[in-house]
Amino acid sequence: MEHQHRYDAQGRQLCCTQTEKIYSQAGAEDLIGKAPASSHGHDHSHDEDGHDHSTAGASQMQLFLPALISFILLIAAIAMDNWIAQAWFKDWVRSGWYIVSYLPVGYPVIRDALKSIAKGEIFSEFLLMSIATIGAFAIKEYPEAVAVMLFYAVGEVFQTLAVSRAKSNIKALLDQRPDEVTILENGKSKVIKAADAGIGAIVQLKPGEKLGLDGELLSEQGAFNTAALTGESKPDTKMKGDVVLAGMINMNTVTLIRVTTAYQDSKLSKILELVQNATAQKAPTELFIRKFAKIYTPIVVFLAIGICLLPYLFVDQYVFSDWLYRALVFLVISCPCALVISIPLGYFGGIGAASRNGILFKGSNFLDAMADIRHVVMDKTGTMTAGVFKVQEIKLQAGYDEAGILKLVNKIESHSSHPVATAIREYAGAIDESINLHNIEEIAGHGLKGITEGKELLVGNFKLLDKFNVAYDIDPNSIVYTTIAIALDGKFVGFMTIADSIKADAALTIQLLHKLGVKATMLSGDKTTVVAYVAKELGIDQAYGDLLPEDKVNKVKEIKGLNESVAFVGDGVNDAPVVALSDVGIAMGGLGSDATIETADVVIQDDKPSKIPMAIRIGKQTKKVVYQNIGLAFIVKGIVLILGAGGLATMWEAVFADVGVSLIAILNAIRIQKMKF
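Per this note's numbering, the sequence shown starts with residue 198, numbered consecutively.
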């Protein structure tokens with residue numbers, strides 16, 4: 198089949214590029230945001246046979262072997278040229294020896310240059326290196342020609358290994374799914390492939406084993422290490438009926454789990470896919486560099502031609518070989534690989550470091566965006582508070598039966614998934630199915646309405662009672678706790694108070710945000726008194742309560758109107774309009790909702806708000822490293838380009854300006870993965 202180039206949604210070419218070649222050698226095709234093969238007729242993936250082209254062990258030696266052969270032959274030739282002169286080592290024998298030492302590293306590059314030209318991509322760095330080294334041979338600068346290509350090949354290998362390491366680090370952090378699981382059938386244990394375990398199967402998990410599928414705990418309780426999912430090494434105790442997820446490690450006794458999700462649909466599978474696809478979303482810096490390289494490369498080719506030929510018109514004693522040498526040096530220096538490879542590698546490092554700490558970035562563009570955040574707007578319930586409510590007290594008007602009213606409230610709240618509804622169900626117990634309740638309607642930001650025995654039942658906040666013109670004789674603002682008002686048949690019945698606990702690291706979160714120079718604002722549909730109390734306890738700059746979803750949108754618009762970059766932290770589902778409006782949408786509770794993972798730009802997996810400032814620090818550090826690499830490449834290349842054009846730099850300086858800068862930039866990018874945040 199005739200090859201067809203593949204492009205992304207922005208029209209950027211995905212195949213037949215230097216970046217793709219390096220990623221393919223590293224077995225990291227899944228990190229370059231490639232388009233589906235089926236839609237384009239051709240795919241450069243090397244994994245059709247299921248074999249992983251990892252660079253471990255023998256395959257690493259294979260990558261270095263051509264360079265090693267070339268290096269040994271080159272050193273021998275230089276020795277015979279300078280230190281242990283041999284009478285036979287001259288003329289065609291000498292040139293032939295250097296050609297043989299050149300071929301192991303030069304042939305693949307020349308071949309790739311010709312392939313690129315055939316596919317319409319003329320000005321590639323393959324062509325630059327080919328012209329520069331063949332030209333050096335033409336003017337009999339044999340050692341330098343071989344050395345330039347040798348160092349270029351070594352640089353490519355290190356780039357390959359760096360990308361491979363970035364890939365394996367991310368995969369090792371997240372791909373914790375075992376291939377096999379032990380299930381119980383008719384009381385007997387049986388080992389099967391995890392992918393073959395159906396929904397409803399009972400998995401037996403021994404101490405030290407990893408769970409392969411999402412499920413529900415059947416044992417009374419179990420302790421699990423959740424580090425693979427949350428970055429938190431402290432064991433998490435689960436009780437009977439709790440959700441347990443693929444990747445968790447059983448700590449103590451044998452536990453039984455009922456499978457609730459297919460292998461390929463597990464939370465860990467979704468997270469792994471999310472992280473591996475993260476680099477499809479390119480940061481603005483990365484996009485600029487790629488566009489810049491496509492313009493910059495042909496320009497330097499024409500400048501090199503000018504350096505070689507134009508002096509003939511202006512210089513009295515023009516020596517073609519001297520000016521050709523300067524032009525060749527100029528070409529070697531101009532290779533943009535230090536920028537094109539090290540910058541995405543820096544973002545890989547940032548995404549990997551975040552993953553290791555239980556923070557998932559959906560793209561390198563969000564790393565950049567987090568670095569620039571100046572204002573964090575947060576929801577209250579489930580973000581800064583635990584979202585675990587408990588009924589504190591019930592106060593009813595005279596003449597109402599508390600047990601009967603509680604049954605009605607419990608029945609109508611069973612139609613809501615709000616944490617408040619959960620608290621009421623836990624307090625009231627089993628739902629009385631004999632109660633006839635119909636025409637149930639949820640009114641956003643207010644509460645629930647239904648009809649029972651021909652009477653209208655209202656359960657929600659006091660705004661709900663105001664909406665339906667129900668009179669009441671108390672001041673809602675005098676009650677500190679979250680209040681659930683109740684009305685029946687147009688009359689005020691009473692209210693329940695419900696309290697939520699502040700998360701342990703919530704106050705530290707605000708302190709860390711302030712240290713970073715980031716403001717904090719809390720928006721909530723909860724009572725203003727409750728929101729003000731929580732905000733005061735935590736030291737939050739501004740807080741607004743009694744807000745409807747559209748009110749939250751308007752508040753965020755006001756903040757954005759101050760030209761401040763805004764991150765919104767919420768559940769990623771109910772607050773979807775605000776998430777869409779903010780510069781970065783951050784979801785808490787990534788382990789609880791598939792919709793959260795789909796909606797948010799950043800997912801914090803363990804519900805800890807302290808991960809918000811950590812995400813900002815990771816973004817800032819990643820951006821810092823990327824800009825360091827850009828600055829290093831431009832400054833060194835700029836200096837050596839000027840020296841090369843003036844005849845003051847040789848091929849050796851050119852090699853440093855190209856390969857040396859690339860290696861330094863790569864090592865700097867890898868450094869992110871070792872940092873502690």
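Ideal Cβ placement from N, Cα and C applies to all residues, glycine included.
None of the values given here were measured: they were computed from a predicted structure.
1. I believe Ile699 touches Thr582 by the beta-carbon criterion, under 8 Å. Please report the beta-carbon distance rounded to the nearest angstrom.
2. On the premise that Val727 lies in contact with Gly742, defined as a C-beta separation below 8 Å, what is that separation, rounded to the nearest angstrom?
3. Check whether the stretch 661-670 and the stretch 683-699 are in contact - that is, three or more C-beta pairs closer than 8 Å.
4. Counting only the same chain and skipping the five closest in sequence on each side, list residues whose C-beta sits under 7 Å from that of Val715.
5. Which residues in the same chain as Tyr493 place their Cβ atom closer than 8 Å to its Cβ, once the five residues preceding and following it in sequence are excluded?
6. Can you grab the Cα-Cα spacing for the pair Ile602 / Thr458, in whole Å?
7. Using C-beta distances below 7 Å, list every residue in its chain close to Ser298, excluding the 5 sequence neighbours before and after it, in chain order.
8. Would you list, in sequence order, the uninterrupted beta strand (DSSP E) runs of no fewer than 3 residues that lie entirely inside the stretch 378-442?
9. State buried or exposed for Asn666, treating a residue as buried only when at least 16 other CB atoms are found within 10 Å of its CB.
10. Taking only three categories from DSSP, how would you classify Lys287?
11. Cα separation between Thr252 and Val351?
12. Please report how far the alpha carbon of Lys805 lies from the alpha carbon of Asp798, in whole angstroms.
13. Taking Cβ positions, are Tyr522 and Ile336 nearer each other than 8 Å?
14. Can you list the alpha helix (DSSP H) stretches of 4 or more residues lying completely in the stretch 697-736, in chain order?
15. With DSSP as the reference, identify every bridge partner of Gln739, one or two as the case may be.
16. Could you check how far apart the C-beta atoms of Gly384 and Val456 are, in whole angstroms? I think they sit under 8 Å.
17. In the structure shown, what three-state DSSP assignment does Lys608 receive?
18. Relative to the C-alpha of Phe527, which residue among Ala862, Ala846 and Ser859 is closest?
19. Which residues share a DSSP beta bridge with Phe765?
20. Within the continuous alpha helix (DSSP H) that includes Ala866, where are the two ends?
21. Is Phe692 helix, strand or coil by DSSP?
22. If we ignore side chains and look at the alpha-carbon of each, how far apart do Ile827 and Ala866 end up?
23. Label Gln818 either buried or exposed according to how many other C-beta atoms from any shown protein chain fall within 10 Å of its C-beta, with 16 as the threshold for buried.
24. Which whole runs of the beta strand (DSSP E) in the stretch 541-574 are 3 residues long or more, in chain order?
25. From Asn607, Gly722, Asp697 and Ala310, pick the residue whose C-alpha is nearest to that of Glu747; which is it?
26. Would you mind sorting Thr706 into buried or exposed? The rule is 16 or more other CB atoms within 10 Å of its CB.
27. Let me know the secondary structure DSSP gives Glu850 once reduced to three states.
28. On the criterion of 16 or more Cβ atoms from any shown chain inside 10 Å, does Lys873 qualify as buried, or is it exposed?
29. What is the DSSP secondary structure of Gly230, counted as helix, strand or coil?
30. Which residues mark the beginning and the end of the beta strand (DSSP E) in which Lys660 is found?
31. Looking at the structure shown, is Glu639 part of a helix, part of a strand, or coil, going by DSSP?
32. Quick one: using the 10 Å Cβ neighbour count with 16 as the cut-off for buried, is His243 buried or exposed?
33. Taking only the alpha-carbon atoms, compute the straight-line gap between Lys387 and Asp433 and give it to the nearest angstrom.
34. Which value, in whole angstroms, describes the spacing of the CA atoms of Ala701 and Ala420?
35. Return the Cβ separation of Ala398 and Tyr460 in integer angstroms, given the expectation that the two are a contact with Cβ distance under 8 Å.
36. Can you tell me the Cα-Cα spacing of Ala717 and Ala729, whole angstroms?
On the basis of the coordinates in this document:
1. Under the criterion of beta carbons closer than 8 Å, Ile699 and Thr582 qualify as touching, at roughly 5 Å.
2. With a Cβ gap of about 7 Å, Gly742 and Val727 count as contacting.
3. Contact check between the stretch 661-670 and the stretch 683-699: three or more CB pairs, one atom from each, fall below 8 Å, which counts as touching.
4. The answer, listed in chain order, is Ile570, Arg571, His572, Val573 and Ile813.
5. Excluding sequence neighbours, Tyr493 sits near Ser531 and Pro533.
6. Each residue's alpha carbon lies about 38 Å from the other.
7. Cβ within range, chain order: Ser267, Leu270, Leu271, Ala274 and Val343.
8. Segments of the beta strand (DSSP E) lying fully in the stretch 378-442: 385-390, 399-402, 412-414, 418-422 and 433-436.
9. With fewer than 16 neighbouring CB atoms inside 10 Å of its own CB, Asn666 falls in the exposed class.
10. The three-state secondary structure of Lys287, taken from DSSP, is coil.
11. Residue confidence for Thr252 is low, a pLDDT of 42 falling below 50, so the modelled location carries little weight; the figure read from the coordinates is stated next. Cα-Cα distance, rounded: 15 Å.
12. Roughly 17 Å separates the two Cα atoms.
13. Cβ atoms of Tyr522 and Ile336: closer than 8 Å.
14. Contiguous alpha helix (DSSP H) elements confined to the stretch 697-736 occur at 703-712 and 725-735, taking only those with 4 or more residues.
15. DSSP links Gln739 through a beta bridge to Thr718.
16. 18 Å between Cβ atoms; not a contact.
17. Of the three classes helix, strand and coil, the one that applies to Lys608 here is helix, per DSSP.
18. Answer by Cα proximity: Ala846.
19. According to DSSP, residue pairing for Phe765 in a beta bridge involves Val574 and Gly782.
20. Unbroken alpha helix (DSSP H) run through Ala866: Val858 to Ile867.
21. Per DSSP, reduced to three states, the secondary structure at Phe692 is strand.
22. Each residue's alpha carbon lies about 11 Å from the other.
23. Gln818 is buried by the Cβ-count criterion.
24. When DSSP assignments are scanned along the stretch 541-574, the uninterrupted stretches of beta strand (DSSP E) that are 3 or more residues long and fall wholly within it turn out to be 556-558.
25. Closest by alpha carbon: Gly722.
26. Buried is the call here.
27. In this structure, Glu850 counts as helix in the three-state DSSP scheme.
28. Counting Cβ neighbours within 10 Å, Lys873 comes out exposed, since fewer than 16 surround it.
29. In this prediction, Gly230 has a pLDDT of 43, which is less than 50 and means its spatial position is unreliable; what the coordinates show is noted afterwards. Reduced to three states, the DSSP call for Gly230 is coil.
30. Where Lys660 is concerned, there is no enclosing beta strand (DSSP E), although the alpha helix (DSSP H) it sits in stretches over Phe659 to Lys664.
31. DSSP places Glu639 in strand when its eight states are reduced to three.
32. Bear in mind that a pLDDT of 30 at His243, under 50, signals an unreliable position, so the model cannot answer this.
33. Put simply, the backbone Cα of Lys387 is about 27 Å away from that of Asp433.
34. Spanning the two alpha carbons is a distance of roughly 21 Å.
35. About 11 Å; that fails the 8 Å criterion.
36. Cα to Cα, Ala717 sits roughly 13 Å from Ala729.
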